[in-house]
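A.B. asks: I am attaching a structure below and will ask some questions about it afterwards.
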Amino acid sequence: MHISTFDRYEQRSSAIHQLDPRVKVVLTLLFILSNVALPDGAWWAFLAAWLLLLAVNRAAHFSFGYLFKRSFIALPFALAAVSVIFTQSGSPLASWQIGSHTLAISDAGAMRFASILIRSWLSVQMAILLTATTQFPDLMHALHHLRVPQVLVSIISFMYRYLFVLADEVMRLLRARDARSARLTADGKPGGTLVWRAKVTGSMAGQLLIRSLDRSDRVYNAMLARGYRGHLLTMNPHLMTRRDWLMGAVGTAVLIIIQLLGWFL
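Residue numbering for the sequence shown follows the numbering used here, beginning at 242 and increasing consecutively.
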């Protein structure tokens, strides 16, 4: 499998790419927390946050469509909050009579739901920018420098690395299944009966578990033989320069201004 299956890093020569990963991680977290702290219906503040995202996206040499299309992955998950439009008290905008109960959409509920959607959408865009401008080993080193517990950093690192191993094992099993006529035939009908295909799927799941455990043990031994001591290595130096401190201060100041817009405008 190709590394781009999970790794979304985009190589560019931009000021955002060259920032210290600690600055990018901290500003990303502050941006997300800033969106959460904004009151419902703070439309001007949400607009300012979006304009900030567009400016960072442009500074990273990405097209508008790159960030815009990928950010909609968050909307289906944000729809889980749709019930708030019916449960939040406020002036009714529309109502339906269902038996002896009345289902009504309130203005306060609609405003809260729209705010939740916008917060999720903006936060995912910032997270996309973080992963697109920072290599994964640098992200792990940034978490280590920011005093995130080493056990948690190691778990995240191994989870990410073993996703490739797991996906590779799945592809091997799928190729073996296709070679044994479990795929669709030329006339479009599935090969084998439904019961037979269910048995094949169950057998594949068990084989995947066993093969993954065995493969992970061999991979870990190979890592130890190559000098692994509990953290990923990177070729990039992690030294905070004056430009990094300045960008961190400017980003924090902009987020404070957005908060002031949201609460006092």
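Even glycine gets a Cβ: it sits at the ideal position worked out from N, Cα and C.
#1: DSSP beta-bridge partners for Ala345?
#2: May I ask you to report which of helix, strand or coil DSSP gives Ile498?
#3: Starting from His382, trace the alpha helix (DSSP H) both ways and give me its first and last residue.
#4: Is it buried or exposed, Gln252, if we count other Cβ atoms within 10 angstroms and call 16 or more buried?
#5: Using a threshold of 9 Å, state whether the C-beta atoms of Ala368 and Gln500 are closer than that.
#6: Going by alpha carbons, who is nearest to Phe299 out of Leu316, Gly282, Ile257 and Thr328?
#7: Excluding the 5 residues flanking Leu268 on each side, which residues of the same chain have their C-beta closer than 6 Å to its C-beta?
#8: Is the Cβ-Cβ distance between Leu393 and Ser361 less than 9 Å?
#9: Just verifying my parser: in three-state terms, what is the DSSP assignment at Asn477?
#10: What are the start and end residues of the alpha helix (DSSP H) that includes Arg418?
#11: With distances taken between CB atoms, is the gap from Ala355 to Gly468 smaller than 9 Å?
#12: Using only the alpha-carbon positions, how far apart do Leu454 and Phe405 sit?
C.D. replies: Looking at the coordinates:
#1: By one-based count along the sequence shown, residue 345 stands at place 104. Looking at the DSSP output, Ala345 bridges to Ser336.
#2: Within the sequence shown, the letter at position 257 stands for residue 498. In this structure, Ile498 counts as helix in the three-state DSSP scheme.
#3: To locate residue 382, count along the sequence shown from 1; it is residue 141. Taken as a continuous stretch (DSSP letters only), the alpha helix (DSSP H) holding His382 covers Phe377 to His386.
#4: Against the sequence shown, residue 252 aligns to sequence position 11. Burial call: exposed.
#5: If you number the sequence shown from 1, residue 368 lands on position 127. If you number the sequence shown from 1, residue 500 lands on position 259. Between Ala368 and Gln500, the C-beta gap is not smaller than 9 Å, which leaves the two residues out of contact.
#6: Locating residue 299 in the sequence shown gives position 58, where the first residue counts as 1. The question names Phe, but residue 299 is Arg in the sequence shown. In this structure, Ile257 is the residue among Leu316, Gly282, Ile257 and Thr328 with its C-alpha nearest to the C-alpha of Arg299.
#7: As a working note, residue 268 is residue 27 in the sequence shown. Excluding residues within five positions, the ones whose Cβ falls inside 6 Å are Gly492.
#8: In the sequence shown, counting from the first residue as 1, residue 393 sits at position 152. In the sequence shown, counting from the first residue as 1, residue 361 sits at position 120. At least 9 Å separates the beta-carbon of Leu393 from that of Ser361.
#9: Taking the first residue of the sequence shown as position 1, residue 477 is located at position 236. In the displayed model, Asn477 falls within coil according to three-state DSSP, outside both helix and strand.
#10: Within the sequence shown, residue 418 is the residue found at index 177, counting from 1. From DSSP, the alpha helix (DSSP H) with Arg418 extends over Gln391 to Ala420.
#11: Indexing the sequence shown from 1 puts residue 355 at position 114. Indexing the sequence shown from 1 puts residue 468 at position 227. It is not a contact, given that the beta carbons lie outside the stated cut-off.
#12: Position 213 of the sequence shown, counted from the first residue, corresponds to residue 454. Position 164 of the sequence shown, counted from the first residue, corresponds to residue 405. CA-CA distance, Leu454 to Phe405, rounds to 14 Å.
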